[in-house]
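Residue numbers (the numbering used here): 1 to 232.
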């Protein structure tokens, strides 16, 4: 029977524990049932060790994630603390600068005439370099200044204007509307000021008046010359 199977399949018949998890070297050395139990228990112990190693690896990974999360929170807390300290230092510096400015410039009083410089971008080349106004009110060391054309929208600190000894304007002369410094400079300009503006209203009347005066002057010069030629 064994010879027939070997002749048919080319190999001896495989029986016994060849399908076991045990290696052939271990199976060849087994002689009793007790040795088989010991070999199977050793395989189970190795399997348990592998599972324990996997669990330990997962625990180490979780610990690593917790360490990274803790480091991230610590770094973010340090950044927030540095930002808070920087903000406080900036406030302290601003207070020192304000205090130095107050010591350098005397305090302005309501009703005093002041001179406000006009930036180059807000005026034409031939316009005045400043506008005259009057102090309307004061709050937190900032001054509200009004002109005869209206109140300036911006609040000014003490170092942004000069107090005049003479009275150029009264609070009663200030209009109730609010205007920009550029608009005030344009209102006091003889050529229209800086920036685009339609030729309407007071500016158009002013330009028309200048043109009429120029034409009249030329006419007064031409007519006597023509009369003189006719007499000759």
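In this text, a Cβ means the ideal position worked out from N, Cα and C, and glycines have one as well.
Does the distance from the C-beta atom of residue i to that of residue j stay below 8 Å?
{"i": "residue 181", "j": "residue 118", "result": "yes"}
{"i": "residue 131", "j": "residue 184", "result": "yes"}
{"i": "residue 155", "j": "residue 142", "result": "yes"}
Identify the continuous alpha helix (DSSP H) that holds residue i and give its terminal residues.
{"i": "residue 137", "result": "No alpha helix (DSSP H) contains residue 137, which is instead part of the beta strand (DSSP E) from 130 to 139."}
{"i": "residue 182", "result": "181 to 187"}
Who does residue i pair with in a DSSP beta bridge?
{"i": "residue 113", "result": "134"}
{"i": "residue 162", "result": "115"}
{"i": "residue 178", "result": "151"}
Which residues mark the beginning and the end of the beta strand (DSSP E) in which residue i is found?
{"i": "residue 144", "result": "142 to 147"}
{"i": "residue 152", "result": "150 to 152"}
Assuming residue i contacts residue j (C-beta within less than 8 Å), just tell me the rounded distance between them.
{"i": "residue 92", "j": "residue 116", "result": "Contact flag wrong, Cβ pair sits at about 29 Å."}
{"i": "residue 101", "j": "residue 159", "result": "5 Å"}
{"i": "residue 189", "j": "residue 124", "result": "6 Å"}
{"i": "residue 178", "j": "residue 133", "result": "Not quite, the Cβ-Cβ distance comes to about 13 Å (not below 8 Å), so this is no contact."}
Just checking: is the beta-carbon of residue i within a distance shorter than 8 Å of some beta-carbon in chain C?
{"i": "residue 143", "result": "Structure shown: chain C not included; a single protein chain is present."}
Taking contact to mean at least 3 C-beta pairs separated by less than 8 Å, is the stretch 95 to 112 in contact with the stretch 159 to 174?
-> Enough Cβ pairs lie closer than 8 Å, so yes.
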